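Engineer:
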Amino acid sequence: MPTQILAVSLAAFISISALLLADRERYMHGFRSFDLSFAQAMVLSTVKQAKETSQTYAEIAKMWLRRSQDFRHASLSLSFSCANMLVSTVLIAFSFTSDYLFGGWLYVPFLATGVLFLALMLVGQLIRYEYLVDSRSNCIRNFASSYIKISWRLSMLFPRCYLRSSQLTLPAGLKSKA
């Protein structure tokens, strides 16, 4: 019986991981698009032209920057949730494999650790939608800020080569202009 439950759980975890990764990529592309629009509006606001036109472009740039910051926040929190969900999925796969091959209770440590990482992913999603950050309880707010700090520290442990696909910066050609 545990093998069937673990197989269904693994399929569900793979599906949720794929959805989170797709959502993260969507936010990453939106963030980059808004950053490029911000850079273009800033360049247009510095071009020699009428003062009103320049101010209008500066206001448009501020609007793009606000949207970009919203998408940046979402893509960062989704990065942490995706990492936790992928680790959880791998642990559930180990749990399923160990139960399938060996039977017994060998799968329980993998399952327990996978559920722990699933809980971390859920906490990350609750923080993303600001259910925990805006809480009235100081204990919950402190927990949310500690979670964010720990997530940042963990993300800094990864070598730069693994993070190249998800760098959150402007392209090199636009850095000097913005």
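When we follow my numbering, the leftmost residue of the sequence shown carries the number 11, and every step to the right adds one.
Glycine residues also receive a C-beta, built at the ideal position from the N, C-alpha and C atoms.
Owing to the predicted nature of the structure, the values given are computational and were not obtained by experimental measurement.
1) Can you tell which of Val53, Trp74, Cys149, Leu88 has its C-alpha closest to the C-alpha of glutamine 135?
2) Suppose you measure from the CA of phenylalanine 104 to the CA of isoleucine 137; what does that come to, to the nearest Å?
3) What does the Cβ neighbour count give for isoleucine 102, buried or exposed, with the cut at 16 atoms within 10 Å?
4) With arginine 34 and serine 78 assumed to form a contact (beta carbons below 8 Å), what rounded beta-carbon distance in angstroms separates them?
5) Is phenylalanine 23 near threonine 99, with beta carbons less than 7 Å apart?
6) Going by DSSP in three states, serine 147 sits in which element: helix, strand or coil?
7) Using three-state DSSP, classify tyrosine 9 as helix, strand or coil.
8) Using three-state DSSP, classify lysine 72 as helix, strand or coil.
9) Could you check the C-alpha separation between leucine 30 and tyrosine 37 for me, to the nearest Å?
10) How many angstroms separate the CA atom of serine 19 from the CA atom of phenylalanine 153?
11) Buried or exposed: where does cysteine 149 fall if 16 or more other Cβ atoms within 10 Å of its Cβ makes it buried?
12) Rounded to a whole number of angstroms, what is the C-alpha to C-alpha distance between isoleucine 26 and leucine 54?
13) Roughly how many whole angstroms lie between the Cα atoms of valine 57 and tyrosine 157?
14) Residue range of the alpha helix (DSSP H) that glycine 134 falls in?
Structural biologist: From the atom records:
1) Translated into the one-based positions of the sequence shown, residue 135 becomes position 125. Among Val53, Trp74, Cys149, Leu88, the Cα nearest to that of glutamine 135 belongs to Leu88.
2) Translated into the one-based positions of the sequence shown, residue 104 becomes position 94. Translated into the one-based positions of the sequence shown, residue 137 becomes position 127. Per the coordinates, the alpha-carbon of phenylalanine 104 lies some 28 Å from the alpha-carbon of isoleucine 137.
3) As a working note, residue 102 is residue 92 in the sequence shown. So isoleucine 102 ends up on the buried side.
4) Within the sequence shown, residue 34 is the residue found at index 24, counting from 1. Within the sequence shown, residue 78 is the residue found at index 68, counting from 1. In this structure arginine 34 does not touch serine 78 by the C-beta definition: roughly 16 Å separates them, more than the 8 Å allowed.
5) For the purposes of this step, residue 23 is identified with residue 13 of the sequence shown, where counting begins at 1. For the purposes of this step, residue 99 is identified with residue 89 of the sequence shown, where counting begins at 1. Taking the C-beta atoms as reference points, threonine 99 is found nearer than 7 Å to phenylalanine 23.
6) Sequence index remark: in the sequence shown, residue 147 carries index 137 (1-based). For serine 147, the secondary structure class from DSSP, reduced to helix, strand or coil, is coil.
7) Shown here, the chain extends from 11 to 188; a query on residue 9 therefore has no answer.
8) Taking the first residue of the sequence shown as 1, we reach residue 72 at position 62. Residue state, collapsed to three classes: helix.
9) Taking the sequence shown and counting its residues from 1, the one referred to as residue 30 is at position 20. Taking the sequence shown and counting its residues from 1, the one referred to as residue 37 is at position 27. Rounded to the nearest angstrom, the two C-alpha atoms are 11 Å apart.
10) Locating residue 19 in the sequence shown gives position 9, where the first residue counts as 1. Locating residue 153 in the sequence shown gives position 143, where the first residue counts as 1. Rounded to the nearest whole angstrom, the CA to CA distance from serine 19 to phenylalanine 153 is 28 Å.
11) As a position in the sequence shown, residue 149 is number 139, starting the count at 1. Result: exposed.
12) Translated into the one-based positions of the sequence shown, residue 26 becomes position 16. Translated into the one-based positions of the sequence shown, residue 54 becomes position 44. Approximately 42 Å, taken between the alpha carbons.
13) Your numbering for residue 57 matches position 47 in the sequence shown. Your numbering for residue 157 matches position 147 in the sequence shown. As the crow flies, the alpha-carbon of valine 57 is around 44 Å from that of tyrosine 157.
14) Against the sequence shown, residue 134 aligns to sequence position 124. Glycine 134: member of the alpha helix (DSSP H) spanning 118 to 138, first to last residue.
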